[in-house]
Amino acid sequence: MFQRLRSRLLIFLAVLGPGFITAVVDNDAGGIFTYSEAGARFGYNPLWTMLPVTVVLIVTQVMCSRMGAVTGKGLSDLIREEFGLRITFFVMAALLVVNLTNVTANFAGIAGSVEIFGVSRYISVPLGALVVWLLVVKGTYRSVEKIFLVASVFYVAYVISAIMVEPDWGEAIKSSVIPVVYFDGPYVAILIGLVGTSVAPWMQFYLQAAVVEKGVDVEQFAESRAEVIVGCVAMAFIKFFIIVCAAGAIWSVQPREIHDAADAAMALQPLGPYAYILFSAGLFNASLLAASILPLSTAYSVCEGLGFESGVNHRFEDAKVFYGLYTLLIVVGAGLVLWPGFPLVRMILLSQVLNGVLLPIILILILRLVNRRDLMGKYVNSKFDNLMAYGTVVVMIGLSLTLVALTLWTS
Amino acid sequence: MATVPIGVDHVLYLTEMTGMSVIAPNGLRLGRVRELALKPSEHPRRVSHFLIGRRTRFMVRYDQIESISLEGIRLSDDRFVPYYPDENLLLLEKDLLDQQIVDVNGRKVVRVNDLALRVVHAPAGDELWVAEVGVGLQGAFRRLAEGILPNKLIRRVQERIKPNSIPWQYCNIVEPDPQRRLRLRISHDRLGELHPADLADIIEDLAPAERGALFETLGDEVAAETLGEVDPKIQVSILKALDKERAADIVEEMEPDLAADVLDQLEEEKSREILQDMEQVPKAEVEELLEYESDTAGGMMNTQYVDVHEDGLVRDALEALRGNEDLLKALTHLFLIDREQRLTGAVAIGMLFAASEDTPLRKLAFKETLKVHVEDDREEVVELFDKYNLYALPVVDEEGELCGVITADDVISVLTPDD
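Keeping their order, the protein sequence lines are chains A and B. Heads up: the first sequence runs through residues 1 to 411, numbered per the working numbering. Heads up: the second sequence runs through residues 1001 to 1419, numbered per the working numbering.
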């Protein structure tokens, strides 16, 4: 019995990677700011989204990693093979735009995190962009990945701070289970953003591709699924505490919007002088990690779907579109942040809302694929999977339309 | 790469065929083309059936066609049969469009964007033959604009885009189902002629099911060479998917050091299974090599060398070489040993040509016999190769007995970074 347990544990550790990394990157600049804004502006009210969103996230990620393990193909490849060039083209175009905003959000995170200490963004962003570009092109990404992951321990600061701020735990627990929805533009937007930042479309492409690259096959899948669940649940706790921190430290004093990184750092205020440095370090680390993964993953997804040669093991001449896209994403992403008067925080929040708007479309495609017996054999979705996923599609489309309606109404 | 020149008005694209009107002899429109099918068992290139209609699908055969042009298809005979799924048919849209195929000429895996078909004026009526597979921007543009822009406009615009297509005879469809492969007459003869390193690249680009399908069609020897060139993770995946007899047949044919590397990657149980099924001689060689750690000289070496007794003459060396013809392609040196199998010298093979048959080998040997110990680590080996500009380095054990040789390609593999 122990032998079996031991061998399962070994497989678990061997496949550790894709699911866990995806969950950690989930809390990138977009995540940190969205949760901070949610708590600072709306208090404990948005907390109820944590449970359903985490369930949806787990279901979606398990679906994608299962698809990767069973078919051995990436999501873009599957979309291309089953839905044809035209649909693939439009999906890739949308993904490119939305991912670009996410890349920008993370460079904004890099800028904001050191701006607290007076370092100009004109230094931090170009440097960050260069570092990211080199890391990948020079192929040292893998070794640095481990450093990033370890540095994610900074998130613990939110847990400590949440306890120290002595929030209204009763209120927090109540809000975690009782949904509160009011039809106010900014609130609907934050709801969409909360879903979008957790279940970001780009993450599903990244996860499936990572699972395929790792060569996880169907036998090892159970362990892979466990890794996904562990990662998602761990990060869900962090998200919970970020919102509680912001609610306790900012909203209970005076509800307001987050305008810059310093505002967001106030959520860690109970930690006194350490608040700024801890927040800054955490944000910097999360943004840099995401900035290293996002552009690369996007370039892969788009090239895969449209049939262009891709991969960092190719020379530039052999994979022009791939390298070109990758460089473009970094240059434009970083460049937008350096644009004078660029609204950093608004961009960051917008990027997550866009994630949430694109999500139902991607989910529909994923669902069409994962329910096909000729593709997945006996590994098609369970009724529960379909219920959660289709339910999310309906809710997200509903929220997006509501947001559009409210925006038009008020203007 | 030469493409057969096709007169512009004789080419029709699959994107143009879809939705094309089919007109009966009496002038009435029967419906629109939905799909084209080939029947490889009858003819490898001629479109044999046209599927028409949206809901109630029906088919017409190629011999019912009078003429085909951009304006539409005119039938000479309007009998039609209801469409039934037929395993012997290759459906161009469903089975080819957006799927991956192997370009044997370009030695890579590509995705089909569009198909170019040629109108052939046969005496009984027009026929449509598959000419090329479009894999580039031109095909992509046609697919995107189809149905949105009028066909004539698409034609005009696409002329400005450089075509990127592969002639049909160089295209290899990869079909995981062996029954279907048989029915569709999918053979991979041309693929088997590619260099194993190219085959390995192609195999690495395919998904597991397709990979297995391609691998299955390769002969044992080619499969063995290819497996040796494939990325380690994929090696494992391929071997796990084969049954142990086939796996053993292939591993047997591999060079022992490459076989040892592959078996090392597998789980012990699976590796033992395969070893058991192997023939004695290769099995012993591989087992010997498996004993060494992969980052030592023992782990890098192979047992494919030629040795001759130190008192021998050029004549004896030539005889030894003739007895080992399968090694000759890459052999650069042969080694001299004493009665106890201990290494006493090395002779460059080229030296044998200039000398007479009676020359003692000792005279042709290097002044200093460079060698390395079985337990020495990888870095030392690489340094030696670099310092002394070596092509081959013999490996000895504690007693000085010759047990293997490390060649330049092994060193290059070590130096090339994995991704």
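All C-beta atoms in this analysis are idealised placements derived from N, C-alpha and C, irrespective of residue type, glycine included.
Pick out whichever of the options has its Cα sitting closest to the Cα of residue i.
i, options, result
"A/ILE116", "A/GLY193, A/ILE242, A/ALA262, A/GLY305", "A/ALA262"
"A/ALA265", "A/GLY17, A/VAL345, A/ILE173", "A/VAL345"
"B/VAL1047", "B/ARG1054, B/ARG1055, B/GLY1053, B/ARG1061", "B/ARG1061"
"B/GLU1380", "B/GLU1340, B/ALA1297, B/ARG1211, B/VAL1109", "B/ALA1297"
"A/ILE229", "A/VAL188, A/ILE366, A/GLY333, A/ARG66", "A/ARG66"
"A/ASP77", "A/ASP318, A/GLY377, A/LEU306", "A/LEU306"
"B/GLN1276", "B/ALA1247, B/ASN1302, B/THR1359, B/ILE1186", "B/ALA1247"
"A/ASN102", "A/LEU130, A/MET164, A/SER152, A/GLY30", "A/GLY30"
"A/ALA313", "A/ASN45, A/ALA93, A/VAL136", "As written in the sequence, residue 313 of chain A is Asn, which differs from the Ala given in the question. When each option's Cα is compared against that of A/ASN313, the closest is A/VAL136."
"B/VAL1230", "B/GLN1265, B/ASP1243, B/GLU1293", "B/GLN1265"
"A/LEU349", "A/GLY341, A/VAL98, A/VAL253", "A/VAL98"
"A/SER201", "A/GLY324, A/LYS320, A/GLN352", "Note on identity: in this sequence residue 201 of chain A is Pro, with Ser being the wrong assignment. Checked all of A/GLY324, A/LYS320, A/GLN352; the closest Cα to A/PRO201 is A/GLN352."
"A/PRO270", "A/ILE87, A/PRO167, A/LEU294", "A/PRO167"
Is the shortest distance between the beta-carbon of residue i and the beta-carbons of chain B less than 7 angstroms?
i, result
"A/LYS73", "yes"
"A/PRO18", "no"
"A/GLU81", "yes"
"A/ARG86", "yes"
"A/GLY307", "yes"
"A/GLY377", "no"
"A/GLY215", "yes"
Residue i CB to nearest chain A CB: under 7 angstroms?
i, result
"B/SER1067", "no"
"B/LEU1290", "no"
"B/MET1001", "The predicted model places B/MET1001 with a pLDDT of 37, which falls under 50 and marks its position as unreliable, so this point remains unresolved."
"B/GLN1235", "no"
"B/ASP1098", "yes"
"B/ALA1197", "no"
"B/ILE1006", "Reliability fails at B/ILE1006, whose pLDDT of 42 lies under 50, so the model's placement of it is uncertain and the value that follows must be treated cautiously. Not closer than 7 angstroms to any Cβ of chain A, the Cβ of B/ILE1006 fails to qualify, so no."
"B/LEU1144", "yes"
"B/ALA1346", "no"
"B/PRO1208", "yes"
"B/ARG1183", "no"
"B/ARG1111", "yes"
Enumerate in chain order the residues of its own chain whose CB-to-CB distance from residue i is below 7 angstroms, with the five nearest sequence positions on each side excluded.
i, result
"B/CYS1423", "Residue 1423 of chain B cannot be examined here, being either before or after the span of chain B that is shown, 1001 to 1419."
"B/ASN1088", "LYS1039, SER1041, ARG1183"
"A/VAL393", "PRO360, LEU363, ILE364"
"A/GLY282", "PHE154, TYR155, ALA157"
"A/ASP217", "ALA69"
If you draw a straight line from the C-alpha of residue i to the C-alpha of residue j, how long is it?
i, j, result
"A/VAL233", "A/ALA246", "20 angstroms"
"A/ILE277", "A/GLY311", "37 angstroms"
"B/ILE1274", "A/ALA210", "30 angstroms"
"B/LEU1128", "B/VAL1112", "19 angstroms"
"B/ARG1315", "B/LEU1352", "9 angstroms"
"B/LYS1367", "B/THR1344", "11 angstroms"
"B/ARG1211", "B/VAL1133", "21 angstroms"
"B/ILE1006", "B/PRO1167", "In this prediction, B/ILE1006 scores a pLDDT of 42, lower than 50, which makes its location untrustworthy; no coordinate-derived value is stated."
"A/ILE192", "A/ASN381", "25 angstroms"
"A/LEU375", "A/CYS64", "13 angstroms"
"A/GLN254", "A/GLY196", "27 angstroms"
"A/PHE42", "A/ARG121", "29 angstroms"
"A/VAL413", "A/GLY84", "This structure gives no information on residue 413 of chain A, because the portion of chain A shown stretches from 1 to 411."
"A/VAL332", "B/ALA1213", "43 angstroms"
"A/LEU358", "A/THR402", "15 angstroms"
"B/PHE1080", "B/HIS1049", "11 angstroms"
Looking only at its chain, what residues have a beta carbon closer than 8 angstroms to the beta carbon of residue i, apart from the 5 residues adjacent to it on each side?
i, result
"A/GLU219", "none"
"B/PRO1451", "Because chain B here runs from 1001 to 1419, residue 1451 of chain B falls outside it and cannot be looked at."
"A/ILE32", "GLY109, ILE242, ALA264, GLY282, LEU283, ALA286"
"B/CYS1171", "ILE1101, VAL1102, ASP1103, VAL1104, VAL1133"
Give every residue of the same chain whose Cβ lies closer than 6 angstroms to the Cβ of residue i, excluding the five residues on either side of it in the sequence, and list them in chain order.
i, result
"B/TYR1391", "THR1332, ALA1408"
"B/ALA1260", "VAL1286, LEU1289, LEU1290"
"B/THR1303", "PRO1256, GLU1285, GLY1404"
"A/SER152", "VAL24"
Query raised in the report: Curious, which full-length alpha helix (DSSP H) runs of at least 4 residues does the stretch 358-394 of chain A contain?
Result: 373-376
Query raised in the report: Which ranges does the beta strand (DSSP E) cover as unbroken runs of at least 3 residues, wholly within the stretch 1168-1223 of chain B, from first to last along the chain?
Result: Within the stretch 1168-1223 of chain B, the complete beta strand (DSSP E) runs of at least 3 residues are 1171-1173.
Requested in this report: Report the residue ranges of all alpha helix (DSSP H) runs contained in full by the stretch 1103-1178 of chain B; include only those spanning at least 4 residues, in chain order.
Outcome: Look at the stretch 1103-1178 of chain B and you find these whole runs of alpha helix (DSSP H), each 4 residues long or longer: 1137-1145, 1151-1158.
Query - Complete runs of the alpha helix (DSSP H) confined to the stretch 280-360 of chain A [at least 4 residues] - result: 320-338
Requested in this report: Please specify which runs of the alpha helix (DSSP H), each continuous and at least 4 residues long, are wholly inside the stretch 207-287 of chain A, giving them in chain order.
Outcome: As summarised for the stretch 207-287 of chain A, the continuous alpha helix (DSSP H) elements at least 4 residues long and confined to that stretch are 221-246, 261-265, given in chain order.
Query raised in the report: Residue ranges of each alpha helix (DSSP H) run of no fewer than 4 residues wholly in the stretch 116-142 of chain A, ordered along the chain?
Result: 121-137
**Report entry** Start-end ranges of the alpha helix (DSSP H) lying completely within the stretch 1349-1410 of chain B, minimum 4 residues
**Finding:** 1351-1354, 1361-1364, 1378-1388
Report task. Quick one: which unbroken alpha helix (DSSP H) runs of 4-plus residues sit fully inside the stretch 1242-1277 of chain B? Chain order, please. Result -> Counting only runs of 4 or more, we get 1244-1253, 1256-1265, 1268-1277.
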